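Counting in full-length UniProt numbering, the sequence shown runs from 1 upward without gaps.
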Amino acid sequence: MVLTMESRNLLTGREKEQLYLESLLKSNLPMASCFVINGPSGCGKSRLISSTFGELERLYNQRWALINCVEGYSSVSQSVFSGVSPKLMFELVLQSVKLRYAPCSSVTCRCDGTPRFIEQLCDLLIEISDKSGDRDVPLSMILVFDQADKLRDADPLLLPLLVRLGSLVEDELCRSQSAPRIISLATVLVTRSPWEKFSSQTFHLEPMVIPITSYTRDQITCILMSLAPSNSDPKCFARFVDLLLTVCFPVCRNAGELIYLMQSNWSAFEEPVNKGLVAADDEWAQWKLAQPTLKRSLANLYLRTQKNRDTKNAVTPYNSSALELPYFTRYLLIAAFMASYNPRTADKKFLVKNSEKQSLRKKKQEKMSEKTKGLLRGPQVFPLDRLLAIFHALLRDESTPVPTSSLLLSQVACLTALGLLSATNPANVVSGFLSTGLGAVASGHHQSEMDPLANPRYRCLLSFETARAVAQSLDFDLPAYLTDFYGV
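Quick look at the structure:
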């Protein structure tokens, strides 16, 4: 049967990559025992895998199983290496193959080590081969490991094992001589990191690397045009896509984010035409009316905040699930907001138990003066050691163990990258992880407080409404801990 381009279900923007990958894997004996598909985030790797192997299964009866390496993480590991547990990964592989092709098999998914894992995997492949029809055709199984970046922190013997898993299975089948026909197995590692970060040319069998580049503007245009609403005018939607990519494509090539921006901003571009405010062919007027919405979306890129369609000047209500921050990171963000809006002298009053009492008249005078000054000065800078001190003071009554300093520093860097905190010194951004204050934590008070590298300074960029919503998600009364904004 001759397959034409029209009869194929090719992925938009990845037609060449899909055809190349199918040419390597469509035969029952793949070109290599291990393939590495690497590329940046949002370049369509997952969609390429699902589309390619879906076509291989439909056209050539190719068997494959998908394993997510994140599921192999273990909180309690017997090994000195943290991260992915080899035992859990072995059981995930056996479970994925068994549930997909041999659900009634008597082979157990529990295994104690590598030799037992190889034996059980061979038993599963033999059972699958017995159930298939034509025994003259070799049986091929492909194991796809998604998010293989996690394997870099695992046991150093796990990654070489997965790379040469096909040859190990072949040797075991030849030794047992129980296979009714030729059985081959290949592995595919899907990762965002280049293969050079995994090894230094020390593997016995080097995999075949298939790099996936970011989408070009023409490819992104084709993808967005294929997702056009059914009731939209093609010419008008094409103009909207061109304007959207003109604004957003220079700073973001993530296909998922651009699709989200297209879906969230199309109504702002189409609404003036539907209301009769501008003509359907007046591109300039549509651009002027949609420009504020596009700029706000670009400022909130990757945050996916909730938008308000009633008025452009209204305060956007905060969606508690918009930032999707971890539990302790939200407390760290609240501590940053308190450090930015409270004077340093107020830390003892709010955070230290049994602090000295003040008269009602003195409290009222302090509140009136601080409110007048605070609303005018805006968010102030604060050092890292003060942020960590407030954070630990807020969590002193928590039963959950507080993360280590290194994890807290990584969360500070993450909040800075998200635009929720702002580093006041350019060295804090250029110097990488050490600029978050690792030196200050390691050396204590011996470092100078004014040293931007030993004790960097930050400013919180959250609005009060957003900070209060984050605090409410933690059942934390934020206004009670602020000198400003009292009574709100």
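Beta carbons: idealized from backbone N, C-alpha and C, even for Gly. Remember, predicted model here, so these are calculated numbers, not experimental data.
Item	Value
Straight-line gap, Arg175 to Gly166 (C-alpha atoms, nearest Å)	14 Å
Among Leu19, Leu303 and Ser267, nearest to Thr293 - alpha-carbon criterion	Ser267
Beta strand (DSSP E) segment containing Asp146, residue limits	Leu139 to Asp146
Contact the region 233 to 253 vs the region 184 to 201: 3+ CB pairs below 8 Å	no
Burial state of Lys98, where buried means 16 or more other Cβ atoms lie within 10 Å	buried
Nearest-angstrom beta carbon gap, Ser129 and Leu29 [assumed within contact, 8 Å]	Actually they do not touch by this definition, with Cβ atoms about 14 Å apart.
Backbone secondary structure at Ser422 - three-state DSSP	strand
Beta-carbon proximity list for Lys197, same chain, < 8 Å, skipping 5 on both sides	Arg152
Segments assigned beta strand (DSSP E), at least 3 residues, entirely inside the region 453 to 481	457 to 460
Selected residue, minimal CA-CA separation from Leu395, among Ser422, Cys69, Tyr331 and Ser51	Tyr331
Which residues DSSP lists as bridging Pro211, in chain order	Asn38
From Leu185, Ile259, Lys295 and Ser132, residue whose alpha carbon lies closest to that of Ile220	Ile259
Local conformation of Ser23 per DSSP, three classes	helix
Rounded straight-line distance, which links the Cα of Val163 to that of Asp385	45 Å
Cβ-based neighbour list, Ile67, same chain, cut-off 8 Å, excluding 5 preceding and 5 following	Met89, Leu92, Val93, Ser96, Leu143, Val144, Phe145 and Asp146
Neighbour-count burial assignment, Glu57, 16 or more Cβ in a 10 Å radius	exposed
Arg47 to Asn455 span [Cα, whole Å]	44 Å
Straight-line Cα distance separating Ser410 from Tyr327	14 Å
Closest by C-alpha distance to Cys122, when choosing among Phe240, Pro343 and Ser105	Ser105
Counted within 10 angstroms of its Cβ, other Cβ atoms place Glu324 as buried (16 or more) or exposed	exposed
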